[in-house]
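Enquirer: Right, I'll just put the structure down here and ask away after.
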């Protein structure tokens with residue numbers, strides 16, 4: 003049940019990111035100065051944290067989507083649903099822990115100095 007909810011929530015978050023991304027990219031044609039201001043706000047440490055959240059949402063959504071495909075198209079999928087879910091969560095945690103330094107390292111240096 004919770005994987006179903008998390009899959010929908012991450013899908014909605016990714017959709018809203020893409021919507022905002024298309025709008026801010028279109029801004030370059032309307033007002034290049036305003037576009038530059040928007041891009042400058044993207045270089046703040048707070049946005050780096052949001053980017054880490056975006057990476058987390060995309061990664062979970064992708065891994066859980068593969069699990070859903072396996073459950074739907076593999077004859078033994080429903081029998082191994084719980085094990086596959088824990089595998090998805092474990093792999094997601096390992097990959098997210100591995101992404102902490104590359105993604106958040108710059109933000110930490112900006113906030114706390116070198």
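Residue numbers (my numbering): 3 to 116.
All C-beta atoms, glycine included, are put in the ideal place defined by N, C-alpha and C.
Please report how far the alpha carbon of residue 106 lies from the alpha carbon of residue 56, in whole angstroms.
Expert: Within the chain shown, residue 106 is the residue found at index 104, counting from 1. Within the chain shown, residue 56 is the residue found at index 54, counting from 1. About 12 Å.
Enquirer: Kindly give me the distance between the Cβ atoms of residue 60 and residue 16, rounded to whole angstroms, as I take these residues to be in contact under 8 Å.
Expert: Reading the chain shown from its first residue, position 58 is the one you call residue 60. Reading the chain shown from its first residue, position 14 is the one you call residue 16. Their Cβ separation, rounded to whole angstroms, is 6 Å, which keeps residue 60 and residue 16 in contact under 8 Å.
Enquirer: With distances taken Cα to Cα, identify the nearest neighbour of residue 9 among 91, 40, 28 and 53.
Expert: Within the chain shown, the letter at position 7 stands for residue 9. Comparing Cα-Cα distances from residue 9 to each of 91, 40, 28 and 53, the minimum goes to 91.
Enquirer: Give the DSSP-derived three-state secondary structure of residue 33 in the structure shown.
Expert: Taking the chain shown and counting its residues from 1, the one referred to as residue 33 is at position 31. Looking at residue 33 - three-state DSSP - the assignment turns out to be coil, as it is neither helix nor strand.
Enquirer: Which same chain residues, not among the five before or five after residue 29, have their C-beta less than 7 Å away from its C-beta?
Expert: As a first step, residue 29 must be located in the chain shown, where it is residue number 27. Contacts found: 36, 37 and 40.
Enquirer: So residue 27 packs on residue 63, CB below 8 Å; how close in whole Å?
Expert: Here the question's residue 27 lines up with position 25 in the chain shown. Here the question's residue 63 lines up with position 61 in the chain shown. No, residue 27 and residue 63 are not in contact; Cβ-Cβ is about 22 Å, not under 8 Å.
Enquirer: Which runs of the alpha helix (DSSP H), 4 residues or longer, sit entirely within the segment 82 to 114?
Expert: Taking only runs of at least 4 residues, the alpha helix (DSSP H) segments lying wholly in the segment 82 to 114 are 83 to 114.
Enquirer: Pick helix, strand or coil for residue 54, following the three-state DSSP scheme.
Expert: Within the chain shown, numbered from 1, the residue matching residue 54 stands at position 52. Looking at residue 54 - three-state DSSP - the assignment turns out to be helix.
Enquirer: Does the distance from the C-beta atom of residue 110 to that of residue 51 stay below 8 Å?
Expert: Start at 1 with the first residue of the chain shown, and residue 110 comes out as number 108. Start at 1 with the first residue of the chain shown, and residue 51 comes out as number 49. Cβ atoms of residue 110 and residue 51: not closer than 8 Å.
Enquirer: Rounded to whole angstroms, what is the Cα-Cα separation between residue 79 and residue 66?
Expert: Locating residue 79 in the chain shown gives position 77, where the first residue counts as 1. Locating residue 66 in the chain shown gives position 64, where the first residue counts as 1. Spanning the two alpha carbons is a distance of roughly 13 Å.
Enquirer: Taking the C-alpha atoms as reference points, what is the distance between residue 25 and residue 83?
Expert: One-based indexing of the chain shown puts residue 25 at position 23. One-based indexing of the chain shown puts residue 83 at position 81. The alpha-carbon atoms of residue 25 and residue 83 are separated by roughly 39 Å.
Enquirer: Hey, how far is the Cα of residue 113 from the Cα of residue 100?
Expert: As a position in the chain shown, residue 113 is number 111, starting the count at 1. As a position in the chain shown, residue 100 is number 98, starting the count at 1. C-alpha of residue 113 to C-alpha of residue 100: approximately 21 Å in a straight line.
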